[in-house]
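Novice: I'd like to ask you about the structure that follows.
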Amino acid sequence: MATINGSNFNDNNTFNGVPFAFRPALNGIVDPVFVFPGLLIPDAADTINGLNGNDILNALGTNDTLNGGAGNDTLNGGAGNDSLDGGSGNDSLNGGVGDDIFKGSQGNDNINGGDGFDTADYSQLGQRITLSGIGTIEKAGGLGQDQLFKVEKIIANANVANNTIDASQSLPGVSITVNLQNQSLTANNVPFLGALPFTVVNFDNVIGTNANDSITGDNQNNQLSGGGGNDTINGGAGVDSTNGDSGNDRIIDTDFVTFDVHNGGTGVDTIDYSGVTFASGVTINLATGLTSVLNGNTETILNFENVEGSQGGETIIGSSGNNVLNGNGGNDTINGGTGVDSTNGGSGNDRIIDTDFVTFDVHNGGTGVDTIDYSGVTFGSGVTINLATGLTSVLNGNTETILNFENVEGSQGGETIIGSSGNNVLNGNGGNDTISGGLGNDTINGGSGNDRLIGGSGTDRLTGGSGNDVFVFNSVSESQPGLLRDVITDFVGNGIFAGDQIDLSVIDANPFIANNQAFTFIGAGAFSAVGQVRYAGGILQANTNFDFAAEFEVQLAGAPGLVASDIIL
C-alpha cells in the first residue's frame, strides 16, 4: 500500500496511483515531469492526499482512498472499491468501476458514481441535506450543492433533523415510491430508464412529485407531503405530519398512540385507520377535524372527505360535504352528516345515522345485525323506510338506498316502516307510524303517536308505546296458537274511551261463505260456531273452521281487560 501526500506549496498537483507519475507545478510555473520508472509500488490499496491546490488524483485497480483537501480537485477512482473525498472546494469526483464511496463535504461538487453500487455519504457533514428529484444534494448551512449521477445510495447525518427527499421538481410523469423504514426510494417511469431504485439512509421528510406517489415514514417524527397526484401516505410510528396536497390522496395511520397531524389537502381525500383496532370510545370526526379517545390522545385530521375505520368499534362522523365512510371491523356508529354520503358498516353490529334526508345517500349495513337510524330527523307523511326493497323514499321525492339492515329507528314524524325477511327490530319513535315486520320474528315498537303495527309472519313482539295504537293481523297464519303466537306487550283497551285496538277485519272469519265475513266476539266462552273470537287469561283466540278450535292466537301481556269495541272484527 502506498501513501502519497501533496504539498501545501503547490498550486496544481497530479498524482497517479501505482505505478505513478508526480507532477508538481510550483508557483504557477510548470516544471518538468519527473517520472520514476524504476519505482514500482505493489498493486495494493493506495491513499493519495491532495492539499490546498487544485489537484488531480487518479486511482488504479485497487481499493484506493483519494482525499482532495482544499481547492477545486478532480478525483478519479479506478477499478476497485474506492473512497473519494473532495474536501473543501468545488470538486469533480468520478468513481469508475467498483462500489465506491463519496464523502460529502463543503463545496459544489459533481459526483459520478460510474459502474457498480456507489454511495454518497454525508453522515459526517454536520448539516442536514435535501435530495432533489433531479439528483442534487442541497447542503444546509451554506455548504454548497452537489450534483449526483449514477449514485445508488445516499446517507444523511443521523444526528441532525429534517433530512429531506424533495421530488417536487421531478420530470413530468415520474413518481416515487419511498419507504423510510426500509431505507428505499424508487423513481418510477423515468424516461428511457423505467424504474430506478435507491437506498436512502437517515432521511426524515419526503415531498412527493406531481404524479401518484407512495410514501411511507419510519419510527421517527416525519413530515410527509404528497405533492400533486393521487398519493398514498403512511406516517408509520412517531409523531408525524402528513399532507396530501392536491389530488385524491389516502393517508394511512397505523399508530394511533401519538399526536399526529394529517391534512388531506385539496381533492377528495381519505383518512385510513383500517390497519389498527380501536377500542371503544374513539371518535373520528371530519366535522371538527379531530380523531379522539375519551380522556386520551387526539389527532388532527383536516380536509378529509372519506374515512376508513379501524377493525374495532368507533364512532365516525362526516362533514357537511359528500363523504364515504366505512366502518370496517367492530361495532361502529356512523353519522354521515349533511351532503350526499355513502356509508358502510362493514362487519360487526353497526348503527348508521342519517340526519339529513334531503339527499340521495347510500347506506350499507354490511354483515352483522345493523341499524339504520333516522331518529334525529322528523319526516313528514309519505316517507317509507323499506328494508325489503332497500330503499327509503318520499312519494315523488328523494330516495335513499339502505342495504343489509336488520333494524330501523324511525324519525320523530310519521312514516311507514317495512321489515325484511329476517328478524327485525323496528322502532317508530315519534309521530303516527305504520310499521310492518314482514317475515321473520320481529320486535316492533311504535313509540309515541297513534301507530299501526303489523307483525306479519313469524313470532313477533309488538309494543304500541304511548298513543292509541292499532295492532293489525291480516291472516290467521301470522299469529298461530301456542309457541308461535305473537305477544302484545302494552295493550290498553278502554272499551268506552279511545284506546288501543286489535284489527282482525282483513281475516275472513268464515271462508266457507263468499266474501269476507266478520268475526263475532263471544267473551270468555268456548267456541260454538265458525267465525268466533274469544278472550280469556290474556289470550285472544279466533276460530275459522268447524273444529271449534283456535286457528289464530295472540297473547296480551299482563292480561288486560278486553271488550268487543277493542277489536275491529
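Sequence positions in the sequence shown follow my numbering and run 762 to 1330.
Ideal Cβ placement from N, Cα and C applies to all residues, glycine included.
For residue 1013, collect the residues of the same chain with a Cβ closer than 6 Å to its Cβ; drop the 5 residues on either side in sequence, then sort them by chain order.
Specialist: For the purposes of this step, residue 1013 is identified with residue 252 of the sequence shown, where counting begins at 1. Same-chain partners within the cutoff: 995, 1033.
Novice: Any idea what DSSP makes of residue 1238, helix, strand or coil?
Specialist: The residue labelled residue 1238 in the question sits at position 477 within the sequence shown. Helix.
Novice: Which residues mark the beginning and the end of the beta strand (DSSP E) in which residue 956 is found?
Specialist: By 1-based counting over the sequence shown, the position of residue 956 is 195. It spans 955-962 - the beta strand (DSSP E) in which residue 956 sits, taken as one unbroken run.
Novice: Would you be able to state if there are at least three C-beta pairs under 8 Å between the segment 1145-1157 and the segment 1172-1186?
Specialist: As far as the Cβ criterion goes, the segment 1172-1186 touches the segment 1145-1157, which means the pair count is three or higher.
Novice: Please give me, in chain order, every unbroken run of the beta strand (DSSP E) with length at least 3 that falls completely inside the segment 982-1052.
Specialist: If we require 3 residues or more, the beta strand (DSSP E) runs fully inside the segment 982-1052 come out as 984-986, 993-995, 1002-1004, 1011-1013, 1022-1024, 1031-1033, 1043-1046.
Novice: Taking its Cβ as the centre, do 16 or more other Cβ atoms sit within 10 Å of residue 876, making it buried, or is it exposed?
Specialist: Position 115 of the sequence shown, counting from 1, holds the residue named residue 876. Exposed, because fewer than 16 other Cβ atoms sit within 10 Å of the Cβ of residue 876.
Novice: Taking the alpha-carbon positions, what's the residue 888 to residue 1065 distance?
Specialist: For the purposes of this step, residue 888 is taken as the residue at position 127 of the sequence shown. For the purposes of this step, residue 1065 is taken as the residue at position 304 of the sequence shown. Going by the C-alpha atoms only, they are around 36 Å apart.
Novice: Residue 1229 and residue 1206 - do their beta-carbons sit closer together than 8 Å?
Specialist: The sequence position of residue 1206 within the sequence shown is 445, counting from 1. The sequence position of residue 1229 within the sequence shown is 468, counting from 1. Cβ atoms of residue 1206 and residue 1229: not closer than 8 Å.
Novice: Determine the DSSP secondary structure at residue 902, reduced to helix, strand or coil.
Specialist: Locating residue 902 in the sequence shown gives position 141, counting from the first residue. Correct three-state label for residue 902: coil.
Novice: Output the boundary residues of the beta strand (DSSP E) element that contains residue 1296.
Specialist: Numbered from 1 along the sequence shown, position 535 holds the residue referred to as residue 1296. Where residue 1296 is concerned, the enclosing beta strand (DSSP E) stretches over 1293-1297.
Novice: What separation, rounded to the nearest whole angstrom, lies between the Cα atoms of residue 1400 and residue 1210?
Specialist: Residue 1400 is absent from the model: the chain starts at 762 and stops at 1330.
Novice: Does residue 881 come out as helix, strand or coil in the three-state DSSP assignment?
Specialist: Taking the first residue of the sequence shown as position 1, residue 881 is located at position 120. Looking at residue 881 - three-state DSSP - the assignment turns out to be strand.
Novice: Identify every residue that forms a DSSP beta bridge with residue 1303.
Specialist: Walking along the sequence shown from the start, residue 1303 turns up at place 542. BP columns for residue 1303 point to 1294, 1313.
Novice: Specify, as a first and last residue, the run of the beta strand (DSSP E) that residue 945 falls within.
Specialist: On the sequence shown, residue 945 is found 184 positions in, with the first residue counted as 1. Run containing residue 945: 945-951, per the beta strand (DSSP E) assignment.
Novice: Provide the residue span of the beta strand (DSSP E) that contains residue 1324, from first to last.
Specialist: Reading the sequence shown from its first residue, position 563 is the one you call residue 1324. From DSSP, residue 1324 is part of no beta strand (DSSP E); its letter is neither H nor E.
Novice: Using only CA atoms, which one of 953, 988, 956 lies nearest to residue 967?
Specialist: In the sequence shown, residue 967 corresponds to position 206, counting from 1. Comparing Cα-Cα distances from residue 967 to each of 953, 988, 956, the minimum goes to 988.
Novice: Would residue 1291 be called buried (16 or more neighbouring beta carbons within 10 Å of its own) or exposed?
Specialist: Position 530 of the sequence shown holds residue 1291. The residue in question, residue 1291, is buried, as its Cβ has 16 or more Cβ neighbours within 10 Å.
Novice: Whole angstroms are fine: how far does the CA of residue 1262 sit from the CA of residue 1254?
Specialist: The residue labelled residue 1254 in the question sits at position 493 within the sequence shown. The residue labelled residue 1262 in the question sits at position 501 within the sequence shown. Going by the C-alpha atoms only, they are around 7 Å apart.
Novice: Count the other CB atoms, across all protein chains shown, that sit within 10 Å of the CB of residue 818; report buried if there are 16 or more and exposed otherwise.
Specialist: Taking the sequence shown and counting its residues from 1, the one referred to as residue 818 is at position 57. Buried, by the Cβ-count rule.
Novice: Could you name the residues of the same chain whose beta carbon sits closer than 6 Å to that of residue 901, not counting the 5 residues immediately before and after it, in chain order?
Specialist: Stepping through the sequence shown from its first residue, residue 901 is reached at position 140. For residue 901, where only same-chain residues beyond five positions count, the Cβ hits under 6 Å are 888, 889.
Novice: Cβ atoms of residue 1061 and residue 1070: under 8 Å apart, would you say?
Specialist: Translated into positions along the sequence shown, residue 1070 becomes position 309. Translated into positions along the sequence shown, residue 1061 becomes position 300. No; because the gap between Cβ atoms is not below 8 Å, this pair is not in contact.
Novice: So residue 1248 is in the beta strand (DSSP E); what residue range does that whole segment cover?
Specialist: Here residue 1248 corresponds to residue number 487 of the sequence shown, with the count starting at 1. Per DSSP, residue 1248 belongs to the beta strand (DSSP E) from 1247-1249.
Novice: State buried or exposed for residue 1327, treating a residue as buried only when at least 16 other CB atoms are found within 10 Å of its CB.
Specialist: Walking along the sequence shown from the start, residue 1327 turns up at place 566. Result: buried.
Novice: Once you ignore the five residues that flank residue 1085 on each side, which residues in its own chain have a CB closer than 6 Å to its CB?
Specialist: Locating residue 1085 in the sequence shown gives position 324, counting from the first residue. Cβ neighbours of residue 1085 beyond the five flanking positions: 1067, 1103.
Novice: Quick test of the definition: if touching needs 3 or more C-beta pairs under 8 Å, does the segment 1052-1061 touch the segment 1010-1029?
Specialist: Counting Cβ pairs under 8 Å, three or more are found: they touch.
Novice: Let me make sure I understand the geometry here. Which of 1315, 1038, 970, 1286 has the alpha-carbon closest to that of residue 1005?
Specialist: Taking the first residue of the sequence shown as position 1, residue 1005 is located at position 244. Of 1315, 1038, 970, 1286, the residue nearest in Cα terms is 970.
Novice: Using CA atoms only, rank isn't needed, just tell me which of 1297, 1144, 853, 1096 is closest to residue 906.
Specialist: One-based indexing of the sequence shown puts residue 906 at position 145. Measuring from the Cα of residue 906, the nearest candidate turns out to be 853.
Novice: Taking the alpha-carbon positions, what's the residue 1111 to residue 1132 distance?
Specialist: Taking the sequence shown and counting its residues from 1, one reaches residue 1111 at position 350. Taking the sequence shown and counting its residues from 1, one reaches residue 1132 at position 371. Whole-angstrom Cα-Cα distance: 6 Å.
Novice: Beta-carbon within less than 7 Å of residue 998's beta-carbon, same chain only, minus the 5 sequence neighbours each way: which residues are those?
Specialist: Within the sequence shown, residue 998 is the residue found at index 237, counting from 1. Counting only Cβ-Cβ distances below 7 Å, and skipping sequence neighbours, we find 980, 1016.
Novice: Counting contacts by CB-CB distance shorter than 8 Å, is residue 1269 in contact with chain B?
Specialist: Annotation note: the requested chain B is absent from the structure, which comprises a single protein chain.
Novice: Which same chain residues, not among the five before or five after residue 837, have their C-beta less than 6 Å away from its C-beta?
Specialist: Taking the first residue of the sequence shown as position 1, residue 837 is located at position 76. Closer than 6 Å at the Cβ level, and outside the excluded window around residue 837, lie 819, 855.
Novice: Please tell me whether residue 1202 and residue 1220 are closer than 8 Å, where the distance is taken between their beta carbons.
Specialist: In the sequence shown, the residue the question calls residue 1202 occupies position 441. In the sequence shown, the residue the question calls residue 1220 occupies position 459. Cβ atoms of residue 1202 and residue 1220: closer than 8 Å.
Novice: Give the straight-line distance between the Cα atoms of residue 895 and residue 930, rounded to the nearest whole angstrom.
Specialist: As a working note, residue 895 is residue 134 in the sequence shown. As a working note, residue 930 is residue 169 in the sequence shown. Between residue 895 and residue 930, the C-alpha separation is close to 7 Å.
Novice: Tell me the rounded alpha-carbon separation between residue 898 and residue 950.
Specialist: Taking the first residue of the sequence shown as position 1, residue 898 is located at position 137. Taking the first residue of the sequence shown as position 1, residue 950 is located at position 189. So the alpha carbons of these two residues sit roughly 22 Å apart.
Novice: Given a cut-off of 8 Å, decide if residue 1044 and residue 1023 are closer than it, judged by their beta-carbon atoms.
Specialist: On the sequence shown, position 262 is the one that residue 1023 refers to. On the sequence shown, position 283 is the one that residue 1044 refers to. The answer is no: Cβ separation not under 8 Å.
Novice: Is it right to say residue 1245 is buried, meaning 16 or more other beta carbons lie within 10 angstroms of its own, or is it exposed?
Specialist: Taking the sequence shown and counting its residues from 1, one reaches residue 1245 at position 484. Exposed is the call here.
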